[in-house]
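Note that the sequence shown covers residues 1 to 1257 in the UniProt record's numbering. Where is the CB? At the ideal position from N, CA and C, for every residue including glycine. As the structure is a computational prediction, the values presented were derived from the model and not from experiment.
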Amino acid sequence: MALQQPPSLVGDVLERTTTSKPPPHPHNSPFSQGPSKTGFPQAQHRSQKKSAFARAREAANANKDKRVIDHAPVVVPAKSSVISEKAKAQDEPQMEDDWRAQMSRENELRVGAMSEKEREEERTEILERFGPGIGDLLKKVREARTSKSSGHSLFMSAPIPSVLSTPSSTRPASRASKQLRFAEVMPSDVHVYESAPSSPRKKALALPPPDADDPDVVSLGTLAPDVSMELVLPPPDAADVPMDLEPEEGTPEYIRRRFFPSAPAHNPDLAWMEDPPSSSAPPPDLLRFDLSGNPLAAPLHSSLPTHLGLHHHAPDADGMQRAGYTLSDVFTTAHSSVRAQRVAGMRMLAGVARWVGAVARGDADLLPGTIKPTEIGDVKARVLAAGIGALAERGALGVHAVEVVWECVVGSEEVSLQEGVELGKKEDDFPLKQLLSQIVAALTIQSESPDSSTSSRILAILDRLARHTNEITTEIVSAHNLITVLFRTFLLTDPSTANPAALDLLITLASSTRSNAQLLTPPADALLRFVASLPPEGSAVLLTKTLIFYKALAEYGLYAHVASTAHMQLAAVAQYLVAQEDNKSKDHNALRVAWLRALEGWIVCATDPHATTPEHDILWSQVVAWGWGQDVLAMRERLSAEEEDWETWAAVWRAESAWLEGARVNGVRGGEAERLACVAAVKDGFEGGEGGEHRVVGGALSAFAGALKDFGTGGVVKIRLLSRSVLVLAAAMRLWLACLPPAADGPLSAPPFSLPFSRLSDLCAQLVSAPLWIGMRKSGSGYVLYRPLAHLLAIYLRFSQRLPDVSQDACMAQALSVLTRLMPGEEECAVRAVEELLGLVTPEWAAARGLTGGVPQDLWDRGGVGILKPFLVHAVHPREEGLVGPWCATPGSIKHVATLRLPPAASMQRQRDHGLPLRRDWTLSPLDHLLRSGTSPVFSNLPAGWDASEVDVTRAALLLTKIGRELTSRYSFTEFVLSREEAVFGCMKVFMLEHGQSHGDSSEEVFRDAVVGRLMNDLLAPYTVPASSSAVTDPSSPVVPSPPIQPNLEDVAIGFLGTGTPFYQYYTDFVALYDAISFAHPTFARLLLPPTAMCYAVDYRRHLWNDFAHVLKSVRTEPGDVVAGDLGEYLWPVETDAQMLGAYLRALVRSGGDGLHGFLRMVAVHHVACNVWPDLRENGAAVGAEERAEKLVRVVLDQGEMQVVRDVVLYRQVGAGRVRVPPDCFELSEEIKRERLGYVERVGGVGLVGRVEGLLQ
């Protein structure tokens, strides 16, 4: 049964008819109707007129007799207006038909009055304007009009009367004229949204119909049948059919209609002229997130139901309402003025930040079609800015804001957080100052209403920022009120609620710079509350980290007076640690190590009270009175030989070493009594088979050897495992050195106690040459883990010098090798090693080993190689500021240390602000200062009495380099032997000393000095290919052992030129200098060749063979004098560059080939011949190879002199392993001769065969 059509709710809306002039003021108007002086109506006060109620009552009484009460006022029903509108709409087609008929009659009369000529002109004009198809179009319009008038009409049955359309007696007559009209509501206008059921536990069920026989059923009436509505739509009116309007002038359609009316409207060949179709709406955003900030896959955008809460946002540009929130939606929600919406948006931003971090780390992939990988940084910056802006908010909003910032700063970067190194500058534009000010506000809120999770995240944010650079730590320490709020929130609370992570942050800040440490000393007194709480049950971690913080300050010589302020509490700590014999917990071991290291730091400060800040902050007499030396020795009795106590053993030995070193400076007779007491206490432990010290050293040696053997490709875990045993061995050797009498007392008669000397020497020799150092520069911030290894080598260098069975030459070789392994912080040890090395090179020592190099006596009289000391010390430590603290503080370091952290790994690779580790060619560094004498800081700080000349410095540098190479190669330190490229570049520096100089006499040039020339030849001799007329070169037998990794000249030059100046520019200056002043100097000429080897870019060869071809005739280097590992470096692969082949050919045919000599002639003949003869070609099948060969052979045979023709025709070379040199390379077999003769006959015919017939038959 059809449903009844619902009645209309409201009738039509009609506007009120207005009059042309305003009505007069009523009598009750508040304005006076009289004339006004100002032109405005005069206001009348309400106290001078009757009230509205009184006027209403008077009006009612006056009209009581006139009121008609026999019928209700007439109300115009809404239906009548609808009917009138429909009637009007039905009359419009009739009026339009009458208008059309009238116009048709007028047109017929006008056409009938025209002549045939006028009609033809009008017809032609219409066809030209509208095209030949206008007749068909008019015909179709006429047919459409006729079919429309044939009977199509709209039939509609009478609708059911609406209840609202009936007259109502309740409406006043005064409103009868106000007719309201609203649009009729159609079924299609009602939108039904899918939603979840009202209750997941209650389902709506339809009731079954009642039984027909049930007498209790009461009928509510029968619904009237639905009155069907038949809607017949008319066909489109001819007037509604869009006419082909005149197109815009200049468009393709205009041109077609105007000039090519017979051409089709849509020609595919002219599609390129049409405008591209404009897209109606931009494509939808495919990157959408759920309420947790997780990205949604694109297929889910249209399939997820609406009850999930993912559709509460504006529709897309195409009108579709898709599931998920775009980035714009998320940011808009996060900045909403409604706090609940802002909380939801901030929660989504936390998820977005988590996803961005995963994408940046590679743990998640970008959804296809969303954003580019390069835009991830921009998204992260926007998310971070939104989070920072809400950090100071209270409640859930602030909690989620902290989470957002934590995800951006901490969670989005997966880095191995190593202590003691800067991570480097953040790549993104980080609003640090704004973040710090917001963190202060957030911490203030946390101090009032603490939340452990949020507080921990804030600390993690600050800690991560502090690890990046020292500049950021300076901003943190200098931030207004930040340190104060940090102490109040996390440390000045009850010890049970104090956060140890805050102490970790303070340690990081103090380790960054000396200035930051000084700013942290005033509030450091508040930490004494953790020292005074004994026994430290429950607060052991706080006490441990407090002592570590005090030790960090002591390494700058700061805050040492705390040892005097809290000496009673520290003594109680010592008694507690010694008494806890059976406590083997991890926290207890950490506390013992922290206490021992703090004592070590304060003892170093007391060794030289003038080095502390302020001076005499702690005195040696105080240290002696407190009995720290005895406390340290007493601690060893509570330790076992198990591996878990190794770290504590190392801390005991370091503290006792600091005590003995201080006693040597401040004690009676150089601390002899203290040394004897220490030796008596530890001798049995080191020498007895069951002694604790002996077992610990033996176990560490075994662990060290095993870890070194199984190191493989390395890794953080293996480096840490190696470092643990290394620190034990280094501490044992340092204690052994501290127990020795002063070196001035003479040779050592007997060691203070026994150590496995031979095993230590062997393992240190293996360590210094181990391949693990190759990965140090590639490990990023992990290179800080190599510091213990470098510290062990620095201690061993001192250790081996006191061993009686180690020769002087071996000590020098060890120093040369260890200096390239030391890291920043070991400058004091490196300078001492350089000074000792220079002191050992005497004329007697050099003469006994044949290493004088012909250096005259006057150089030895000026100091020999000792004149290089200012330059070499500067190479170790190029900057006065920025000194990194050593692994173990010394009295000489605490005054000058600027930071306790290593610089970022990237800065170590880009610049040489830190000299260590030294380059392999560090002995040639004085030449760098000679080349930059105008800006070198060494020349402005030379010691008094230094009067060496430029020639003297060059002689000494070359001599020291020669000695260093001989010693390292003799003791098989292959890693540290000067490489061929380093020797070549060092000699190039000698010649470049004349660059930019104006000498009137060539004898003043440094490279013309006989001693300098001899030393350069000696330096290059081991890298020269041994060649002669009957010898073949074999690269497998070099004169000196080559390093396993040999950098090329471009890499070697970076150490001097930096990354901003390419080596090619340096080479162009070198070639130009040769052209200007060389006068065919043989060594100068030899150095022109190495960059022209085939392993380098073709630009070097083009520059020499093309741009400076005129200097080639002066280069007379023979194959046996070429600096190369193998002559094949210049021959293979065969040259294919057209410019170079032209240069080789010109050099050969010009002047009969007399312009080329020696090895250069061989190179030119080789590359031309290998491009001509099929038996020598490497790329015979390459495109254009045959054509190039034919051109070359014609040029050689037509234009070349007979000697050139002979060399090219008879040249023969073997491509693998060995190189034939003249005259062996000009011997051919009979078979090859016949093949080449046949090739010439095929290419050039009989005319060219005559030139080679005598050579090949």
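Item to check | Sequence ranges, alpha helix (DSSP H) only - wholly within the region 390–434, length at least 4 | outcome: 395–406
Next on the checklist: Just to confirm before moving on: does the CB-CB distance between VAL884 and THR954 stay below 7 Å?
Outcome noted: no
Next on the checklist: From the DSSP secondary-structure annotation, give me the bridge partner or partners of VAL1123.
Outcome noted: THR1024
Checklist entry - Straight-line CA distance for LEU367 to PRO373? => result 11 Å
Item to check | Buried/exposed call for MET988, threshold 16 Cβ in 10 Å | outcome: buried
Checklist entry - What's the C-alpha gap between GLY1060 and GLY915? => result 19 Å
Item to check | Nearest neighbour of TYR550, chosen from ALA571, GLN569 and THR521 [CA to CA] | outcome: THR521
Checklist entry - Is the Cβ-Cβ distance between LYS545 and PRO495 less than 7 Å? => result no
Checklist entry - If you compare alpha carbons, which of LEU978, GLN630, LEU942 and LEU931 is closest to HIS995? => result LEU931
Next on the checklist: Considering Cα atoms alone, identify which of LEU959, VAL897 and VAL938 is closest to ASP921.
Outcome noted: LEU959
Item to check | Cβ shell of PRO856 (< 8 Å), same chain only, five flanking positions each side left out | outcome: VAL1011
Checklist entry - Quick one: what's got a C-beta closer than 6 Å to VAL477's C-beta in the same chain, skipping five residues either side? => result LEU509, ASN516 and LEU519
Item to check | LEU676 versus LEU491 - alpha carbon distance | outcome: 44 Å
Checklist entry - Count the other CB atoms within 10 Å of the CB of GLY825; is the residue buried (16 or more) or exposed (fewer)? => result buried
Checklist entry - Measuring CB to CB, does PHE1056 end up less than 7 Å from PHE991? => result no
Item to check | Endpoints, the alpha helix (DSSP H) within which GLU950 is located | outcome: 950–970
Checklist entry - Under three-state DSSP, which class holds THR923? => result helix
Item to check | C-alpha gap between CYS1095 and ARG354, whole angstroms | outcome: 47 Å
Next on the checklist: Check this for me: beta carbons of ILE376 and ALA360, under 7 Å apart or not?
Outcome noted: yes
Checklist entry - Using a Cβ-Cβ cut-off of 8 Å (strictly less than) and excluding sequence neighbours within five positions of GLY1254, which residues of its own chain qualify? => result none
Next on the checklist: Taking 7 Å as the limit between beta carbons, can you name the residues of its chain near HIS400, skipping five residues before and five after?
Outcome noted: VAL343, MET346, ARG347 and ALA350
Checklist entry - Of the residues TRP1173, GLY863, LEU872 and GLY1200, which one's Cα is nearest the Cα of GLU1187? => result TRP1173
Checklist entry - Taking DSSP as the reference, what is the three-state secondary structure of VAL485? => result helix
Next on the checklist: Considering just the uninterrupted stretch of the alpha helix (DSSP H) at GLU687, what are its terminal residues?
Outcome noted: 672–687
Next on the checklist: Helix, strand or coil, according to DSSP, for PRO261 in the structure here?
Outcome noted: coil
Next on the checklist: Strictly by DSSP, which residues pair up with THR899?
Outcome noted: VAL884
Item to check | Cα-Cα separation, GLU1135 to VAL1123 | outcome: 20 Å
Checklist entry - Per DSSP, PRO295 is paired with what? => result PHE289
Next on the checklist: Check this for me: beta carbons of TYR576 and LEU542, under 7 Å apart or not?
Outcome noted: no
Item to check | Proximity winner among LEU547, LYS380, ALA1072 and ALA1109, relative to PRO431 (alpha-carbon distances) | outcome: LYS380
Checklist entry - What is the DSSP secondary structure of TYR1100, counted as helix, strand or coil? => result helix
Checklist entry - For LEU558, which residues does DSSP report across the bridge? => result THR613
Checklist entry - What residue range is occupied by the uninterrupted alpha helix (DSSP H) comprising TYR1064? => result 1063–1077
Item to check | Secondary structure of TYR1211, DSSP reduced to three states | outcome: coil
Checklist entry - ILE618 and ALA552: beta carbons closer than 7 Å? => result no
Checklist entry - Going by alpha carbons, who is nearest to LEU918 out of HIS874, SER940, THR935 and GLY1250? => result HIS874
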